[in-house]
Structure formats: structure tokens, C-alpha cells
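Input: a single structure, listed below in C-alpha cells.
Residue numbers (the working numbering), protein chains in the order written: chain A, 1 to 339; chain B, 1001 to 1339.
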């Protein structure tokens, strides 16, 4: 039974949305506690109308905890996760620390819910740019198979945490006043600019963010044959990642048939009416849980291709929502086991 | 001989850069005049330190004119161009009015300078998103051939004229102050947002801007076999268009060899050092004439592919610079003919 839960990193950009979602979705629990590193420990937060003091992360903080939802930097995750797992908790980890470890399921509930069965205490939630892409790929993959993906991203500064979002505003304000601004979260100015690098150099000129899209996508589909060419770019929007995606399918799929697949897929909202200037945009997807798909059209450069535009709230479906959905999968599985 | 020149639309976002370039590059002429529609006629402008009164566009305004450089809306171009051509002038037209007409050469001097020979009075300059892409394609095309292009653009509001640029600033200011803003140049807010539509619906879900990239590229290379899948997106940067480009080549080309081709190509500046966080960005390409290429890497999703990132000032190489370079081609050809 999942009765006692802990939220780690509850004061961060993603963690605070986890709290909202647990409340909104009426997630079942008997007790809840909030953990953070020394810096935030001792502060308090309000959850379901009650004030809670944030405890410092320590091995004993996980005593009697059944489920942990964690949004922390990789190095924090690597430290606390063993404490929780040794005490019998299941950790849903939003960091990148465990995603590619062989014994750790990497789960997007719309795509590979069955993968949770094989967990050994840790279930990882993918990188934000991967999550929305695999949701959009799923109905097409199931219908006709996908051999190749070419994707260019348009990623919000909020993906770099609350500091990233704040720097976009402060940098923009400075720019408008003709003043210079000293960016900390980004290597270059992001106000009115684009930065074609997210993460560090990883593999033959590809960045770590780009290679996450390759490796995580293959792991989630359990299909090492999917070929992916990603380009990840930071853009000055407040929130939500957008992706220009070209899928090459294993067999032909008419655009109208693809449109119906998207329309009927749980977790995707189709917004696809170019004549009415209706398509997904960051300002509209903000604070929504779905993955939005539009600008759907036949690839006019190759035989079996589909091009489309995909937008999702990177802090929600790209992080917090996906983690809470994994937690719900676990609860529902336990409920089923118990009957 | 090219002696008497006229600049049409000299007060617009592109026209004013044409003037700067004619001055900077010391373009040779005996006389120069400035023409505009009724709205701007009678106003004055300073060129090479002298005040000039702008004349209204009329058939007789082109009497004795040898060369016209024009940046106007399509419908204005269609009206005045016959007046100029009938009077013996060569018109370099930056509008989209004549680009795809069979008897009109569509010219990017780095790519197809020889095409000017066949003009019948009008030479067209391509759409901004096309121009920088074909320059970047050229050295690769010449070396190994190009069969396919997948391109996603990140286009500045300045591509929608001076009003577009102003609306980005005013919309941003309003957003920062928590006020709403009534956009005229865009169908949706552009401040802190992305608009995945440029132009109107043109062909099977592709926009007019996207189909320009297809048709114009084929015409410029004189190669109808090049397959292109474009996605054009407006992004909130002040100026300069960026493009995430994947080229599939007819035969294999090592990344290092491609890098050398870019490095040695006149008109391209290679800025490609990911480890040092050096790559093209809109804020750096602003007010420069070159096409900037970086993030060069092998396509890891297919056999003969190259992925890269390309940035250029859409008002300069994407418009004004390309037009002035065409004018220089004409002048140099005449100089050669005369010797």
C-alpha cells in the first residue's frame, strides 16, 4: 500500500507544481512530508490549507515512507535515493541521475506504463524535451511504426529552473532600458536572442540535451532502431517547450488518419486548423497538462513522413505532471492488486 | 552603363539599409533618386550627407534611370515595375511579386550569379529565409550534391517589416507591465511566445513562407530534384533569422571536410566551437552581411547527412545586402563588357 509519501525538492520550480497537482488531482495518501536540502530545510509551505515545515534530507527522513516524488539536481538524487530505497520506498525521480540505468524503468504513462512493473525501487521520469515528443510519437508508432525522427526544439528558459525564467524577465527589462545584464543561468543573453546549446557537449558535436532525446526515446519505446537527429535551442518564451518534428514511418499513413490518431489519443490535444490560425503556442499550453499537436502535414521531402508542431508545458507534462501520473499508476496498480 | 539609379521604398526597414549599403560599399553612380508611394513622397532623407526629397512613384519618374533597387510590397512592385522596364531600366526587386516568373532570374550572388545574364529587365532577390539557406547549401551542393533538406526556422519579427519589430518591443513592454497589447502585424502575441505560421496557407498544410523555401531554392539551384520539408516559425528575437538545417547529400561528406568547405566559402562565416560555447546567435549576426554557420555535425539519424545551425541578418543578406550585391554584379559585368 502507498500510504506515506514524501516530496523532495518541493520548493523548486517543478516541486511546487507537484504539490499543486497532488492537491488538484486529490492524490490519495495517509501522511505527506516535504524534504529539501539544508538551504530550504526549516522553511514552511502550505499544502491543502495546512502549514508544513520542510525537513532536511537525511537517511532517517525516509523511515516508513512508501513513495517519494523527487525533483532535484542529479547529484542530490544520487545521494538521497539509496536512503529511500533501502527503507522500502519507491522513488519517482525527475532528475537525470538514473534515467539510463538498466534496472531503472524510464516511464511516460501514455507510452510505456507497463515498464513500472520492473522497478527495483526507482522509476525515472524523462527529460522534458523527450517526454512531449514520445507522447506525440506514440499513436503514430503504434499504428505504422517509426524509423526516424528529425526534431528541432524551441525550449523555454524555465527548463533551466526558476532562475532561468527570472533571468529572461530581468534580462529583457535591462535590454528594454538599454542596460547590460549579467546572466548566470545562461552562457549568453537569452532576452531577444536564441541559444543553440542546451547542456554540454556530449557526442560528436551533439549536446547532452540532444543525446537525452535520442537515448531516452529509444529506452521508452524499447526500440533501439529508432534513428533521431535532434537540435535543441533555447528561446525567449516564458514557459513551454515547442518542437518541430518530422517522423518517418515504417509504412505510409495518410495525414487525415494521423489526425484522427492524435485526436483520439489520451494526453494529446489536437489543435490543427491553419486556415483559422489555430495551432499550439507556448502562451496557450502554459499551465496545461496535455501535449498539444498541430500544423500536421505530409512530409513533402520524402515518401513516408509526417511533419508537425508540438507544444507542452515543460514544467508540467515535461516534469511534474508526468511524475504524478507515474505515482497514480503505482497507486492504481496497488489498488488492483488488493482486490 | 549603369549611371542613374533609383531606390524605391527607401524609407522602409529594408530600403533604409539599402541606402546604408550603397554608401558603405561606395556603390558607383552618376545620379541617384529616391521613390516611394504617395504616403512617403515629399519627405526627405539624407544620403551621403546630402538631403534628398523623395519623389512619388510614377511612370515618368523612371525616365533615364538605368537601375532600380526596390523594396516594396508585392502589389506596389507589380504596378511600378513595367514603368521602369519599359523605359530601359533594370529592376532588382526584393518583393515576392516576380520571383517565380519564368523570365525573371532569382539570384543570390554566391549561388547563381550567372543567372543575371538572362534577365529581361527584372532580377528578383529571394525571400529572406531562402537566401541564407541557399548560401549555406551552396558549398555542400557543389561538393557532393544535395538530395533533401529538412529545415525549421526561427524567424525575427523584423521580417514582418518595421511594424513587426516595433510590436515585439511594445508587446513585450506591455507584457512586463501586466497589460494587454493589441497586435496588428501578427495574428497572435509575439512577446514571449512563438507563432508557428508565417504567411497564409499555401499547399497541403504548408504556409506561403514554407513553400517559398521549396520553390525558390529549386529555382536558384536550377535543380527540381531537391526535396525540402520546411517549418517556419516566428520567434521573439529583435532581428536575424535562424535555421536548424539537415542536409542529405548525394554522397558521403565527412564533417571535417564540410567544415573546411564552409570556412573557405565567401559569404559564410563559420562559428563552430561548441566546447567554447561559440556558435551563431541572432544578437551577434545583427547588422552583419554574412551568413553564419555553426553546430555542424553528422546526421546521426541517416547515412549521408549533415546537421547545422545557420543565422543571418534577414534585413541584410536576407534582403538589402543581396539586392546591392546583385547590383554590384551588374556593374561589374558592364565594366567587363566595356574593356
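Beta carbons are placed, not taken as given, at the ideal position from N, Cα and C, and that holds for glycine. Values in this document were obtained by computation on a predicted structure and should not be read as measured data.
Length of the line joining the Cα atoms of residue i and residue j
i: residue 234 of chain A; j: residue 1128 of chain B; result: 22 Å
i: residue 1162 of chain B; j: residue 1171 of chain B; result: 14 Å
i: residue 1279 of chain B; j: residue 1271 of chain B; result: 5 Å
i: residue 1058 of chain B; j: residue 1021 of chain B; result: 25 Å
i: residue 153 of chain A; j: residue 1211 of chain B; result: 21 Å
i: residue 183 of chain A; j: residue 1277 of chain B; result: 14 Å
i: residue 137 of chain A; j: residue 1229 of chain B; result: 18 Å
i: residue 255 of chain A; j: residue 23 of chain A; result: 39 Å
i: residue 186 of chain A; j: residue 192 of chain A; result: 13 Å
i: residue 1223 of chain B; j: residue 1213 of chain B; result: 13 Å
i: residue 97 of chain A; j: residue 76 of chain A; result: 9 Å
i: residue 1041 of chain B; j: residue 1247 of chain B; result: 46 Å
i: residue 177 of chain A; j: residue 1008 of chain B; result: 34 Å
i: residue 1165 of chain B; j: residue 1126 of chain B; result: 21 Å
i: residue 78 of chain A; j: residue 133 of chain A; result: 26 Å
i: residue 311 of chain A; j: residue 293 of chain A; result: 7 Å
i: residue 215 of chain A; j: residue 1330 of chain B; result: 53 Å
i: residue 62 of chain A; j: residue 30 of chain A; result: 15 Å
i: residue 159 of chain A; j: residue 250 of chain A; result: 33 Å
i: residue 1155 of chain B; j: residue 1012 of chain B; result: 19 Å
i: residue 1315 of chain B; j: residue 1018 of chain B; result: 9 Å
i: residue 1226 of chain B; j: residue 1150 of chain B; result: 11 Å
For residue i, three-class secondary structure by DSSP
i: residue 22 of chain A; result: helix
i: residue 1231 of chain B; result: strand
i: residue 197 of chain A; result: coil
i: residue 4 of chain A; result: strand
i: residue 1203 of chain B; result: strand
i: residue 1093 of chain B; result: strand
i: residue 224 of chain A; result: coil
i: residue 54 of chain A; result: coil
i: residue 41 of chain A; result: coil
i: residue 310 of chain A; result: strand
i: residue 33 of chain A; result: strand
i: residue 1296 of chain B; result: strand
i: residue 1190 of chain B; result: coil
i: residue 155 of chain A; result: strand
i: residue 77 of chain A; result: helix
i: residue 339 of chain A; result: Any answer about residue 339 of chain A is weak, because its pLDDT of 41 lies below 50 and its placement is not dependable; what the coordinates show is given next. Note: residue 339 of chain A maps to coil in three-state DSSP.
i: residue 318 of chain A; result: helix
i: residue 1237 of chain B; result: coil
i: residue 1215 of chain B; result: helix
i: residue 16 of chain A; result: helix
i: residue 146 of chain A; result: strand
i: residue 363 of chain A; result: The requested residue 363 of chain A does not occur in the structure, where chain A is confined to residues 1 to 339.
i: residue 1047 of chain B; result: strand
i: residue 1121 of chain B; result: coil
Contacts that residue i makes with chain A (C-beta to C-beta distance below 8 Å)
i: residue 1293 of chain B; result: Neighbours of residue 1293 of chain B on chain A: none; closest Cβ ~11 Å, over 8 Å.
Residue i: contacting residues in chain B (beta-carbon distance under 8 Å)
i: residue 306 of chain A; result: What residue 306 of chain A touches in chain B: nothing, since even the nearest Cβ is about 10 Å away.
i: residue 176 of chain A; result: 1169, 1172, 1173 and 1176
i: residue 301 of chain A; result: 1148, 1149, 1150, 1227, 1228 and 1229
Listed by chain order, chain A residues near residue i by CB distance under 7 Å
i: residue 1152 of chain B; result: 152 and 244
i: residue 1144 of chain B; result: Ordered by position in chain A, no residue passes the 7 Å Cβ test against residue 1144 of chain B, which lies about 18 Å from the chain.
i: residue 1238 of chain B; result: 192
Closer than 6 Å: residue i CB and nearest the ligand MN heavy atom
i: residue 49 of chain A; result: Ligands displayed in this structure: none; no statement on the ligand MN is therefore possible.
Chain B contact residues for residue i, given Cβ-Cβ distances below 9 Å
i: residue 281 of chain A; result: 1188, 1189, 1193, 1194, 1195 and 1196
i: residue 205 of chain A; result: 1255, 1272, 1274, 1295, 1296, 1297, 1298 and 1307
i: residue 277 of chain A; result: 1187, 1188, 1195 and 1197
Under 9 Å from the C-beta of residue i: neighbouring residues of chain A
i: residue 1316 of chain B; result: Within chain A, no residue comes near residue 1316 of chain B; the closest Cβ sits about 17 Å away, beyond 9 Å.
Proximity test, Cβ basis, 7 Å: residue i and chain D
i: residue 304 of chain A; result: The question asks about chain D, but that chain is absent: this structure's protein chains are A and B.
Positions along the stretch 179 to 203 of chain A whose CB lies within less than 7 Å of some CB in chain B: Only those residues of the stretch 179 to 203 of chain A whose C-beta falls short of 7 Å from the nearest C-beta of chain B are listed: 187, 188, 189, 192, 193, 194, 195, 196, 197 and 201.
At least 3 beta-carbon pairs within less than 8 Å: the stretch 1205 to 1220 of chain B vs the stretch 1284 to 1293 of chain B: Three or more Cβ pairs closer than 8 Å define a contact, and the stretch 1205 to 1220 of chain B falls short of that threshold against the stretch 1284 to 1293 of chain B.
At least three beta-carbon pairs within less than 8 Å, the stretch 1082 to 1091 of chain B to the stretch 1102 to 1109 of chain B: Too few Cβ pairs lie closer than 8 Å, so no.
Contact set between the stretch 1218 to 1236 of chain B and chain A, restricted to residues whose Cβ is under 8 Å from the partner: Cβ contacts with chain A come from 1227, 1228, 1229, 1231, 1233, 1235 and 1236.
At least 3 beta-carbon pairs within less than 8 Å: the stretch 58 to 77 of chain A vs the stretch 290 to 300 of chain A: No, because fewer than three Cβ pairs between the stretch 58 to 77 of chain A and the stretch 290 to 300 of chain A fall closer than 8 Å, the two stretches do not touch.
At least 3 beta-carbon pairs within less than 8 Å: the stretch 1140 to 1147 of chain B vs the stretch 1234 to 1245 of chain B: As far as the Cβ criterion goes, the stretch 1140 to 1147 of chain B does not touch the stretch 1234 to 1245 of chain B, which means the pair count is below three.
Three CB pairs or more closer than 8 Å across the stretch 106 to 122 of chain A and the stretch 316 to 329 of chain A: Here the stretch 106 to 122 of chain A lies against the stretch 316 to 329 of chain A, with 3 or more beta-carbon pairs under 8 Å apart.
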